[in-house]
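To convert a position in the sequence shown, counted from 1, into the numbering used here, add 124.
Every residue, glycine too, gets a C-beta built ideally from N, C-alpha and C.
These figures come from a predicted structure and were not determined experimentally.
For reference, the structure discussed in these notes is given below.
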Amino acid sequence: MFQKILCWIPAYTYTFEGTEQRILSWTFCMRLLIFILSYNAEKHIESVFDDIPERFKNSTDAEILLIDDASQDNTVDIAHAYIVRTGLNNARIMRNQNNQGYGGNQKVGYTYAIREGFDVVVMLHGDNQYTPKALPELLAPFQNESDVGCVLGVRFGQRYSPLRGGMPLYKYVGNRILTNMQNRLAGVQLSEWHTGYRAYSTKVLSRIGFALNTNDFHFDTEILLELVQSRVRIVEINIPTHYGGEICHVDGMRYARNVIKATFKFFLQKYHLFYDVRFHPEVVFNLPALESGPVYEQKLDSLSPHSIVCLDPKLVPEGTSVLDIGCSTGYVAEELRQRRKCRVTGVDMLPPSQVRAQLVRYEQINLETDEHRLVDLIQESNFDVILMLDVVEHLSKPELFLLRMSSLSLGRAPRVIFSTGNVGFIIVRIMLLLGHFNYGQRGILDITHKRLFSVHTFRSLLEQTGFLVQREIFIPLPFRNLGFSGWLAGFFEKINMFLIR
Numbered sequence: 125m126f127q128k129i130l131c132w133i134p135a136y137t138y139t140f141e142g143t144e145q146r147i148l149s150w151t152f153c154m155r156l157l158i159f160i161l162s163y164n165a166e167k168h169i170e171s172v173f174d175d176i177p178e179r180f181k182n183s184t185d186a187e188i189l190l191i192d193d194a195s196q197d198n199t200v201d202i203a204h205a206y207i208v209r210t211g212l213n214n215a216r217i218m219r220n221q222n223n224q225g226y227g228g229n230q231k232v233g234y235t236y237a238i239r240e241g242f243d244v245v246v247m248l249h250g251d252n253q254y255t256p257k258a259l260p261e262l263l264a265p266f267q268n269e270s271d272v273g274c275v276l277g278v279r280f281g282q283r284y285s286p287l288r289g290g291m292p293l294y295k296y297v298g299n300r301i302l303t304n305m306q307n308r309l310a311g312v313q314l315s316e317w318h319t320g321y322r323a324y325s326t327k328v329l330s331r332i333g334f335a336l337n338t339n340d341f342h343f344d345t346e347i348l349l350e351l352v353q354s355r356v357r358i359v360e361i362n363i364p365t366h367y368g369g370e371i372c373h374v375d376g377m378r379y380a381r382n383v384i385k386a387t388f389k390f391f392l393q394k395y396h397l398f399y400d401v402r403f404h405p406e407v408v409f410n411l412p413a414l415e416s417g418p419v420y421e422q423k424l425d426s427l428s429p430h431s432i433v434c435l436d437p438k439l440v441p442e443g444t445s446v447l448d449i450g451c452s453t454g455y456v457a458e459e460l461r462q463r464r465k466c467r468v469t470g471v472d473m474l475p476p477s478q479v480r481a482q483l484v485r486y487e488q489i490n491l492e493t494d495e496h497r498l499v500d501l502i503q504e505s506n507f508d509v510i511l512m513l514d515v516v517e518h519l520s521k522p523e524l525f526l527l528r529m530s531s532l533s534l535g536r537a538p539r540v541i542f543s544t545g546n547v548g549f550i551i552v553r554i555m556l557l558l559g560h561f562n563y564g565q566r567g568i569l570d571i572t573h574k575r576l577f578s579v580h581t582f583r584s585l586l587e588q589t590g591f592l593v594q595r596e597i598f599i600p601l602p603f604r605n606l607g608f609s610g611w612l613a614g615f616f617e618k619i620n621m622f623l624i625r
């Protein structure tokens with residue numbers, strides 16, 4: 125049984141706050157870092173400090189940190205003089221010896237916030253484009269709700285308000301075009317992707333790979349994409365817009381190109397056509413899910429080996445005894461039990477508490493290290509059908525494993541049904557032609573796969589290890605899961621089947 129399948133990740137849904145929010149009282153019980161990043165901001169830095177609400181000045185629960193990115197003017201001297209003159213005792217100034225770039229400077233600030241144990245970090249710009257007076261509104265969601273990971277101060281909550289605040293028309297139009305494009309590619313509905321007024325939970329920051337992001341201006345886009353991938357709740361708060369005498373250091377065309385490129389990579393990774401480790405937090409932080417074996421999403425609602433096994437009575441007849449190797453949570457076993465009255469024994473690496481099906485027996489077995497336990501289970505039982513659906517590719521030495529299975533002394537040979545991804549799939553071939561061979565979180569090039577097969581090499585593997593191949597089933601890409609529907613999905617599936625043959 126051969127599979128050509130591209131798994132689908134559902135779009136995420138975010139909750140946004142209303143456009144009008146009044147703060148009647150303020151009690152902040154978390155440690156707050158107000159992070160000011162500056163570069164050549166001597167004309168505006170004093171006004172930034174002036175506009176920070178008094179409740180955050182000289183507070184034991186808040187710290188004001190200015191990180192100057194190797195300015196060529198007197199930003200640091202002016203800021204230091206202001207702190208001394210006003211007696212601001214919870215402010216600190218740091219200066220990068222070498223210019224780190226807009227994104228690099230943020231990395232320094234967020235790393236400091238995590239290391240020093242702050243709960244929330246707010247980013248302010250040294251040119252005072254985003255007024256610190258809106259800090260209470262920006263921080264309110266963290267105070268009122270426990271699941272907020274990021275709050276964006278957006279300028280587009282009310283139509284044309286940025287233009288009334290002095291935003292140049294070309295910036296307004298460019299922002300709208302880029303934001304709409306990014307929303308479509310990322311599958312979210314943000315009012316604005318390009319605001320520099322942001323507050324983050326440091327707990328969330330510590331669980332994404334922001335240190336791997338660019339040092340350039342599209343750092344803001346990359347970190348938002350990481351938050352979307354990690355399913356972090358993002359809240360938007362309307363803020364006033366002010367454009368004055370600040371100096372823009374951004375090359376607009378280069379910025380737009382980099383933003384589109386980063387977001388398109390993210391889009392391709394959603395469908396496993398590209399891979400970027402920044403959008404795969406399990407790999408960045410070696411989360412336990414990969415160590416104990418991932419819980420795979422059920423594949424019964426689309427055309428897949430699992431759904432075909434459950435629907436075709438010729439593959440698994442009624443009332444048979446079935447061994448489901450790699451049963452995950454047992455969704456195939458439960459379907460077979462309910463549809464065909466099958467008696468199913470399950471094997472997987474998951475702990476028994478995660479298996480929800482009504483199995484005759486369940487064994488937690490790692491096929492790489494405890495193969496002998498599986499062999500003993502097969503020999504002591506009398507299975508009619510053995511399922512190994514999307515399992516072979518996870519074995520480092522499948523030849524030895526299959527040889528051991530085919531050489532077992534059994535009273536009667538059971539039917540064994542295998543499935544695996546076809547690395548010769550046309551999309552993989554095209555990507556390889558373009559110089560890409562990108563592993564991902566799902567699909568043919570799942571990052572947990574240790575061996576890859578084409579139709580020919582998989583058939584040869586089975587025959588050379590002692591199995592008699594009686595039937596082959598080819599499965600097209602599930603176009604309906606990629607947003608296609610009706611005749612168009614059927615048309616692409618027919619083309620896919622023609623190419624398979």
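C-alpha distance - residue i paired with residue j, whole-angstrom precision
| i | j | result |
| --- | --- | --- |
| Val540 | Phe616 | 31 Å |
| Pro260 | Gly298 | 29 Å |
| Asp193 | Phe341 | 14 Å |
| Met473 | Lys465 | 25 Å |
| Ile619 | Ser609 | 15 Å |
| Leu519 | Arg480 | 25 Å |
| Phe390 | Val383 | 11 Å |
| Val440 | Gln503 | 20 Å |
| Val468 | Leu526 | 21 Å |
| Val208 | Gly225 | 28 Å |
| Lys295 | Arg625 | 51 Å |
| Ala613 | Phe603 | 5 Å |
| Trp150 | Thr199 | Summary for Trp150: the model assigns pLDDT 44, below 50, so the residue's position carries little reliability; its value from the coordinates is reported in the next sentence. Each residue's alpha carbon lies about 31 Å from the other. |
| Gln353 | Gly470 | 32 Å |
| Glu316 | Pro437 | 52 Å |
| Ala264 | Leu329 | 19 Å |
| Met125 | Arg595 | In this prediction, Met125 has a pLDDT of 33, which is less than 50 and means its spatial position is unreliable; nothing more can be read from the coordinates. |
| Val246 | Asn229 | 14 Å |
| Ala215 | Gly567 | 50 Å |
| Thr303 | Leu314 | 8 Å |
| Ile551 | Leu392 | 12 Å |
| Asn220 | Ser195 | 9 Å |
Beta-carbon spacing of residue i, residue j below 8 Å
| i | j | result |
| --- | --- | --- |
| Phe334 | Tyr234 | yes |
| Ile449 | Val515 | yes |
| Ile347 | Val275 | no |
| Asp174 | Arg155 | no |
| Val456 | Ile363 | no |
| Thr326 | Ala237 | yes |
| Gly454 | Leu483 | yes |
| His560 | Phe403 | no |
| Ala203 | Leu189 | no |
| Val446 | Leu435 | no |
| Leu576 | Glu517 | yes |
Residues sharing a beta bridge with residue i, DSSP
| i | result |
| --- | --- |
| Cys274 | Tyr324, Ile358 |
| Ala186 | Leu156 |
| Thr589 | DSSP lists no partner for Thr589. |
| Glu487 | Val471 |
| Ala215 | Ile188 |
| Phe542 | Met512 |
| Val499 | According to DSSP, which records beta bridges pairwise, Val499 is partnered with nothing at all. |
| Met247 | Phe159, Arg322 |
| Asp174 | The partner list for Asp174 (beta bridge, DSSP) is empty, contrary to what the question assumes. |
| Phe577 | Asn546 |
| Leu447 | Thr469, Ile510 |
| Gly564 | Asp570 |
With 16 other Cβ atoms within 10 Å as the buried cut-off, status of residue i
| i | result |
| --- | --- |
| Val547 | buried |
| Lys394 | buried |
| Leu511 | buried |
| Lys231 | buried |
| Phe622 | exposed |
| Phe542 | buried |
| Ser531 | exposed |
| Trp611 | exposed |
| Thr338 | buried |
| Ile554 | exposed |
| His249 | buried |
| Ser477 | exposed |
| Pro522 | buried |
| Leu262 | buried |
| His573 | buried |
| Leu427 | buried |
Pairing CB atoms from the stretch 475-491 with CB atoms from the stretch 430-441, are three or more of them under 8 Å?
-> Three or more beta-carbon pairs separated by less than 8 Å are not found between the stretch 475-491 and the stretch 430-441, which leaves the two stretches without contact.
At a cut of 8 Å, does the stretch 246-264 reach the stretch 310-327 through at least three beta carbon pairs?
-> Short answer: they touch.
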